[in-house]
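See structure below.
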Amino acid sequence: MPGTKLLTGEPGDLTTLVRAALPVVPGVNRLPGVRKGPASAFDGLAYAREAVGVERARVEAYAGVCGFPRKDVVPLTYPHLRAFPLHMAIMSDPAFPYPAIGMVHVENVITAHRAIGVGERLDVTTAVGEPRPHARGVLLDFVTTVSAAAGGDTAWESTSTYLRRGRTVDGDPAPGLEVLDPPTGGVRWRLPADLGRTYAAVSGDANPIHLYPLTARALGFRRQIAHGMWTLARSVAAIENRLPDAVTVEVAFKKPVFLPGTVSYAARQDDTGWTFAMTSPKDGSPHLLGRTTPA
């Protein structure tokens, strides 16, 4: 894999969105600096951010949107926000062969090794390797490591797996995450039409599929959908006070959650951890399935 590229400053949402959109604009996608390289030549890419601050105001805004209590340590899912600009930098890099628009987040695994305090400074690195085969295209694993700044301990890790539909690569597809006997029933949550815009404001993820009916329809959805990482965060928030500081959370994203809408959420504890599910109250079909284990 080539050397890690350093992303400096605080990436801007508008700049990120424009860079992500350019490779799908006819004509523009052939320009130098925008044109994507061949998938056959891609052997990996990595970006890093150094000494990223964990500001209380931003943490509390995120906690409020996702249902976490306000504490002196960050919510379990919060470090993903500090890695998200690296995901977008990789997807927008001409060396990355696939446009960011159209990448589908299908699985996520988070391992927290310890609690991260508000006010800490963190070094964040995200790397992606060669694509893996999938029945409908290819899978790309974005692996993030979050450490205390200046060479400190590793506090948090994650793997975000994205599906790119289309031509696959050689090899046998690996089975995806299976959550056996997920819980059913539970509580119902009514999600407002502006949830995608509210989450975008605190996360920096302003993908048009999450914002308005018009922008979502332009990308093939009948109306806007909730962010997958919001559904994960809200699911974890419901049980976070019963999880250890060192924990692994695995989720598979299934059907999209259309906004406005209502979802059911249920969680069950057993000897190895928690199993949880966000489902449709109409027919029980899953939006998200997950499980936790001690790390």
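For the sequence shown, my numbering gives the first residue as 19, with consecutive numbering after it. By construction, the Cβ of each residue, glycine as well, lies at the ideal position given by its N, Cα and C atoms.
The beta carbons of Pro-151 and Thr-186 sit closer together than 7 Å. Remark: C-beta atoms of Ser-221 and Leu-99 approach each other more closely than 7 Å. Selection Ala-166, Tyr-283, Asp-289 and Ala-270 evaluated against Leu-140 yields Ala-166 as nearest (Cα-Cα).
Separation of the CB atoms of Ala-107 and Leu-25 is rounded to 5 Å, and the pair is thereby assigned contact status at 8 Å.
The criterion of a C-beta distance shorter than 7 Å is satisfied by Pro-115 and Ala-57.
Membership of Pro-312 in the beta strand (DSSP E) is indicated by the continuous run 304 to 312.
DSSP places Ser-253 in the helix class (H, G or I) of the three-state scheme.
Nearest in C-alpha terms to Leu-63, of all of Tyr-80, Met-247, Thr-143 and Pro-87, is Thr-143.
For Ile-108, the uninterrupted alpha helix (DSSP H) segment begins and ends at 97 to 110. Here Gln-242 is buried, its C-beta having at least 16 other C-beta atoms within 10 Å. Of the residues assessed, Ala-192 falls on the exposed side of the cut-off, its CB having fewer than 16 other CB atoms within 10 angstroms.
For Thr-179, the enclosing beta strand (DSSP E) stretches over residues 172 to 183. Contact between Ser-253 and Tyr-217 is absent: CB atoms are separated by about 14 Å, not below the 8 Å threshold. When C-alpha distances from Leu-209 are compared across Lys-54, Arg-67 and Val-83, the shortest belongs to Val-83.
Pairing Leu-157 with Leu-195 gives a Cβ-Cβ distance that is not under 7 Å. Counting C-beta atoms within 10 angstroms of its own C-beta, Ser-303 has fewer than 16 neighbours from the protein chains shown and is therefore classed as exposed. Put simply, the backbone Cα of Pro-312 is about 36 Å away from that of Leu-229. By alpha-carbon distance to Val-197, the top candidate from Gly-21, Pro-262, Glu-125 and Thr-233 is Glu-125.
Bounds of the beta strand (DSSP E) holding Arg-139 are 139 to 146. For Ile-227, the three-state secondary structure derived from DSSP is helix.
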